[in-house]
Structure formats: structure tokens, C-alpha cells
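Student: Encoded as C-alpha cells, here's the structure I'll be asking about.
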Amino acid sequence: MKKKLTAALLALSLLCVSALADFTDVSSDSWYYEAVSWAEESGIMNGVSESTFEPNGQLTRAMVVTMLYRLDGEPSLPESDWGYPYSDVPSESWFAESVYWARLSGVAEGVSATEFNPNGSITREQLVTMLWRYAGKPAGGGGLSFSDAGAVSSWAYDAAAWAAESGVISGRDGNIFDPHGKATRAECAAMLMRFAALMPEEPEYVPNLDIIPKNTYDSSLFELNDGRLTYGSGSLCGIDVSSHQGEIDWAAVAADGIDFAIIRAGYRGYSEGEIYLDPYFEANITGALENGLAVGVYFFSQALNVDEALEEARFTLSAIRGYDVTGPVIFDWERIEYDSGRTADASGVTVTDCAIAFNEAVEAAGYQPMCYGSPTTSNADIYLDRLLEYPFWLAHYTKDTAITSFPYHYDMWQYTSSGSVDGIEGRVDLNVAIDSVFGL
Numbered sequence: 296m297k298k299k300l301t302a303a304l305l306a307l308s309l310l311c312v313s314a315l316a317d318f319t320d321v322s323s324d325s326w327y328y329e330a331v332s333w334a335e336e337s338g339i340m341n342g343v344s345e346s347t348f349e350p351n352g353q354l355t356r357a358m359v360v361t362m363l364y365r366l367d368g369e370p371s372l373p374e375s376d377w378g379y380p381y382s383d384v385p386s387e388s389w390f391a392e393s394v395y396w397a398r399l400s401g402v403a404e405g406v407s408a409t410e411f412n413p414n415g416s417i418t419r420e421q422l423v424t425m426l427w428r429y430a431g432k433p434a435g436g437g438g439l440s441f442s443d444a445g446a447v448s449s450w451a452y453d454a455a456a457w458a459a460e461s462g463v464i465s466g467r468d469g470n471i472f473d474p475h476g477k478a479t480r481a482e483c484a485a486m487l488m489r490f491a492a493l494m495p496e497e498p499e500y501v502p503n504l505d506i507i508p509k510n511t512y513d514s515s516l517f518e519l520n521d522g523r524l525t526y527g528s529g530s531l532c533g534i535d536v537s538s539h540q541g542e543i544d545w546a547a548v549a550a551d552g553i554d555f556a557i558i559r560a561g562y563r564g565y566s567e568g569e570i571y572l573d574p575y576f577e578a579n580i581t582g583a584l585e586n587g588l589a590v591g592v593y594f595f596s597q598a599l600n601v602d603e604a605l606e607e608a609r610f611t612l613s614a615i616r617g618y619d620v621t622g623p624v625i626f627d628w629e630r631i632e633y634d635s636g637r638t639a640d641a642s643g644v645t646v647t648d649c650a651i652a653f654n655e656a657v658e659a660a661g662y663q664p665m666c667y668g669s670p671t672t673s674n675a676d677i678y679l680d681r682l683l684e685y686p687f688w689l690a691h692y693t694k695d696t697a698i699t700s701f702p703y704h705y706d707m708w709q710y711t712s713s714g715s716v717d718g719i720e721g722r723v724d725l726n727v728a729i730d731s732v733f734g735l
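Each residue of the sequence shown is one higher than the one before, counting from 296 in our numbering.
Printed below as a string of C-alpha cells:
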């Protein structure tokens with residue numbers, strides 16, 4: 296998810312700041328003077344006191360995500376969820392909102408499912424990895440020339456290569472990267488200043504979060520029985536399937552209490568962009584309908600423009616012609632960031648344009664359109680404020696099927712990919728439809 300700075304902040308990042316608060320431990324001839332000046336003037340970093348910056352002081356995880364949150368313009372987030380799901384991040388703590396932002400944006404996760412370790416120190420390779428994720432995981436141009444390149448962790452290598460090539464980070468004395476060394480406050484200021492100078496001046500689109508309907512579901516009405524979620528008395532239990540599930544015994548599925556099935560009609564290839572019918576589509580839709588399940592369909596999109604999205608819609612509508620599809624026809628766009636992935640650099644504006652085009656074609660054909668997304672892709676890859684007229688299918692796998700903290704309204708929730716249903720070998724996605732999208 297590529298982030299962008301405001302014009303005012305970018306201007307600061309490009310200036311050689313000449314004025315600095317009276318930090319007694321930052322001399323004008325120090326290598327980090329300009330970076331510390333920029334960090335203080337831009338409001339990204341403060342001194343540890345009115346008179347000291349502590350340039351060689353170490354950073355904590357909470358400090359770093361707070362700096363990046365400020366760099367992102369401190370977008371508003373629902374206060375009730377700030378600390379979720381970390382037991383060591385109280386909602387009233389000074390870093391709770393930053394931690395929540397970092398988790399939602401994909402910049403930083405916890406050290407476990409329930410702990411963030413906000414006071415833990417941060418290494419140089421961890422810091423560049425956060426910056427790399429914030430920048431949208433750009434590709435690096437090659438290997439590392441540092442003498443200790445072999446010490447860089449495999450999970451951090453791409454980030455380190457990008458940071459070195461782009462000039463975000465430089466080596467320590469002796470041409471070492473020192474990946475496991477603790478990052479200092481001065482080093483962080485320098486990395487952030489260099490990083491800010493790389494980013495585009497204006498955001499291509501800023502979603503209006505205030506107009507997106509909020510999640511008003513009563514968490515006490517969710518019940519989990521034998522791995523299945525229900526909501527009150529009117530919800531429906533469903534699965535979504537594709538060729539990954541292989542041959543399915545649909546009579547057994549229906550007998551196991553499944554109300555609906557969302558079936559993959561087709562998909563576009565990750566690299567070449569060819570469209571394919573799901574090999575099991577006809578068997579799945581026929582079996583589901585013959586056994587009394589309500590049916591919706593989805594297309595796994597890799598569209599890069601409106602014309603491709605319309606091509607996908609026409610393909611899907613052709614595939615379902617003649618079948619009693621009473622459920623939604625869903626646009627499922629997912630970013631593929633492999634080297635050969637054609638969607639790796641697509642913008643959120645483009646993706647949302649594709650979603651609108653697909654949905655308009657589906658609606659014109661007399662079906663119920665719908666969009667699919669997750670907490671990290673919503674308002675990043677797909678802008679919900681431009682899709683208000685369409686139902687939303689949320690994908691959010693929570694620990695122990697805890698109730699999702701997603702702040703916006705959703706009509707159907709895909710809550711696990713590890714479900715078990717009679718008639719299907721192996722795991723299957725489970726869903727609960729709360730607001731009816733099946734025309735029943």
C-alpha cells in the first residue's frame with residue numbers, strides 16, 4: 296500500500312533546515328544535524344526534553360509506528376478499537392492509535408497475536424522493513440554490497456536492498472549494514488528524511504471516511520457453535536469454493552447446515568492476464584442449486600483498467616447465464632506482489648474504477664453486485680466511499696474467531712479459511728451473511 300506525503304511535509308523534506316531548537320547534544324557539524332532539524336521542524340520527532348534530542352538513544356516499536364503515523368498525516372481511526380487486539384496496548388496509551396494504524400495498514404504487526412511489545416527496541420533491518428511496507432513494498436534493484444550482507448534476515452532482505460539502493464539507509468563504519476544492531480534516534484531521523492524525499496507530493500486520492508456507514512452490529516448477537524458463526528436469528532451460514540476444494544458432495548454440504556455457496560466463476564492469470572473458467576464451476580453451481588443452496592458467484596480479478604474489468608464482468612455473466620443465481624455477483628480484486636504479478640503497482644483509484652465498472656455491468660444485467668475486501672485493502676486498494684451503493688463482503692480472519700474490529704459496515708463476513716464442512720475434503724472458507732444479499 297503506497298503512502299504519500301502532504302505537499303507541506305514534502306517541502307520540509309526537501310529543505311536544508313537551518314534552524315533548530317536549542318538541543319545541547321546536537322552540534323551543527325554533526326552528520327545528523329540536518330536530519331534532526333527536519334524531523335523536529337516537520338513534527339515527526341521531538342526531543343526527549345526541551346534541551347536534548349539524545350541522538351544516540353535507542354528507539355522503541357511504539358516510537359517508530361508513531362513517527363510513521365505522523366508521516367501519514369494521522370488519519371482518524373475509531374477510538375474504541377485503538378488497542379485491539381494487543382493486551383499490552385491499552386486504548387488510553389499515547390501509542391495506541393499509532394499501533395492500530397500500523398496493524399490496519401500492514402506496516403507493523405504484533406510479536407504475537409495478542410502482544411505488540413511497544414517498549415521493545417527496534418533493529419536496523421526491522422526499521423527499513425517498516426519503511427518498505429509503508430512505501431508499498433517496492434522492488435530493489437539488486438543485491439547488497441555491505442560486507443555483512445549475509446547477516447540480513449531473509450524476511451528483511453528485499454527491504455534492505457531497496458533501502459540501500461534508494462539511499463534511505465547507508466552503512467555504518469566498515470561498510471557494514473549491521474542488520475541486528477539497534478537503530479538510534481539520529482539514524483531514524485536520517486532515514487525518515489531521505490524516505491520522505493522519495494515520496495510523491497500529493498495523494499492521488501484521499502477517501503472520505505466520514506461518509507462510510509459504520510459497523511453497528513451488536514457483538515453480543517454473534518454466536519459460535521461447532522465452528523460456525525451466526526448473528527441473531529436471521530443470518531445465513533455459507534461457504535465459498537473454487538477448484539481448490541476439488542470434487543464436492545453437495546448433498547452432504549446441504550445436510551450439514553450450509554445455507555448458501557459463493558462459487559468462483561473464473562479468474563484472470565497473475566502474469567499473462569488471460570481469463571479462465573474455474574475448472575469446477577459448472578459442477579459446483581449445478582450441485583449447489585440441485586441441493587437447495589442459495590448461490591452467488593465471484594470472479595477473481597486482476598484487472599488493470601476499466602476495459603479489463605468489463606471483460607471480466609461479461610465473462611462472468613456469460614458463465615452464469617441459465618443458472619438461478621439469487622445471490623451476489625462479486626468483484627474480488629487481490630493484489631499480487633510477486634515479481635511477475637501484473638497488479639503489483641496498480642493504484643487504489645484504478646482498482647476502484649474497475650470495481651465500479653464491473654458492478655455497473657452486473658447491475659445492468661439484473662444481478663446483485665458486490666465487492667470483496669479486507670481491513671488492509673479497504674480504503675487502500677479499494678475505496679469504500681466510492682462504493683457506497685454496493686454491498687460489501689469482508690474477509691477478516693481473527694484469532695479464535697473473535698468478532699471483527701472492522702469499523703465499517705459489511706453485509707457478509709468471511710471469518711475463516713480453516714472451516715470444516717461435510718462433503719468437502721480439507722479446509723474451506725466459512726461466511727456469515729448478516730444483511731440479506733440473496734433475494735430470499
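Note that the Cβ used here is the ideal one computed from N, Cα and C, for glycine as well.
Return helix, strand or coil for Leu524, following the three-state DSSP convention.
Tutor: strand
Student: Around the Cβ of Gly529, are there at least 16 other Cβ atoms within 10 angstroms (buried) or fewer (exposed)?
Tutor: exposed
Student: Pick out whichever of Leu354, Ser325, Ala578 and Ser596 has its Cα sitting closest to the Cα of Ser544.
Tutor: At residue 544 the sequence reads Asp, which differs from the Ser that was named. Of Leu354, Ser325, Ala578 and Ser596, the residue nearest in Cα terms is Ala578.
Student: Can you tell me which residues form a DSSP beta bridge with Phe595?
Tutor: Note: Phe595 is bridge-paired with Tyr562 and Asp627 in the DSSP secondary-structure output.
Student: With DSSP run on the structure shown, which of helix, strand or coil describes Val727?
Tutor: strand
Student: Relative to the alpha-carbon of Ile534, which residue among Leu588, Tyr685, Val601 and Ser673 has its alpha-carbon at the smallest distance?
Tutor: Of the candidates Leu588, Tyr685, Val601 and Ser673, the one whose C-alpha sits nearest the C-alpha of Ile534 is Leu588.
Student: Can we say the segment 606–619 touches the segment 560–577, given the rule of at least three CB pairs closer than 8 Å?
Tutor: yes
Student: Is the beta carbon of Thr699 closer than 8 Å to that of Leu683?
Tutor: no
Student: Straight-line CA distance for Ser461 to Ser440?
Tutor: 13 Å
Student: Please state whether DSSP places Leu487 in a helix, a strand or coil.
Tutor: In this structure, Leu487 counts as helix in the three-state DSSP scheme.
Student: Figure out for me which residue from Val423, Thr424 and Gly405 has the closest Cα to the Cα of Gly415.
Tutor: Gly405
Student: Jot down the residue ranges of each uninterrupted beta strand (DSSP E) in the segment 351–410, minimum 3 residues, whole runs only, in chain order.
Tutor: If we require 3 residues or more, the segment 351–410 turns out to have no beta strand (DSSP E) run fully inside it.
Student: I'd like to confirm the pairing. Which residues does DSSP put opposite Gly529 in its beta bridges?
Tutor: According to DSSP, Gly529 bridges with nothing at all.
Student: For the 8 Å Cβ check, are there 3 or more pairs between the segment 516–530 and the segment 361–369?
Tutor: no
Student: Confirm, please, whether the CB-CB distance from Asn654 to Tyr685 is below 8 Å.
Tutor: yes
Student: Closest to Ala485 by CA distance: which of Asp648, Gly466 and Val644 is it?
Tutor: Gly466
Student: Leaving out the 5 sequence neighbours to the left and right, which residues in its chain are closer than 6 Å to Gly714 when beta-carbon positions are compared?
Tutor: Val723 and Leu725
Student: Three or more beta-carbon pairs under 8 Å between the segment 592–604 and the segment 561–571, yes or no?
Tutor: yes
Student: Do the CB positions of Phe733 and Thr621 come within less than 8 Å of each other?
Tutor: yes
Student: Looking at C-beta atoms only, is the number of pairs between the segment 350–362 and the segment 468–488 that lie closer than 8 Å three or more?
Tutor: yes
Student: With respect to the alpha helix (DSSP H) encompassing Thr638, which residues constitute its N-terminal and C-terminal limits?
Tutor: Unbroken run through Thr638: none, as it is neither H nor E.
Student: Have a look at Leu504, Ala458 and Tyr526 and flag the residue whose alpha-carbon is nearest the alpha-carbon of Asp513.
Tutor: Checked all of Leu504, Ala458 and Tyr526; the closest Cα to Asp513 is Tyr526.
Student: Report all residues from its chain with a CB closer than 7 Å to the CB of Tyr692; omit the five preceding and five following residues, and keep chain order.
Tutor: Tyr710, Thr711 and Ser712
Student: On the three-state DSSP scale, how would you describe Ile507?
Tutor: coil
Student: Could you have a look at His570 and say whether DSSP puts it in helix, strand or coil?
Tutor: The sequence as given places Ile at residue 570; His does not occur at that position. DSSP, read as helix, strand or coil, puts Ile570 in strand.
Student: Can you list, in chain order, the residues of its chain with a C-beta nearer than 8 Å to that of Arg609? Leave out the 5 residues immediately preceding and following it.
Tutor: Ala656
Student: For Glu497 and Trp396, what's the separation of their Cα atoms in angstroms?
Tutor: Residue confidence is low: Glu497 scores 49 on pLDDT, short of 50, so the model does not pin down where it sits. Its coordinate-derived value is still stated next. Cα-Cα distance, rounded: 20 Å.
Student: In whole angstroms, what is the alpha-carbon distance linking Val423 and Ala458?
Tutor: Those two C-alpha atoms are separated by around 7 Å.
Student: Looking at the strands, I want to know which residues DSSP matches up with Met707.
Tutor: Trp688 and Ala728
Student: Could you check whether the Cβ of Asp473 sits closer than 8 Å to any Cβ belonging to chain D?
Tutor: Structure shown: chain D not included; a single protein chain is present.
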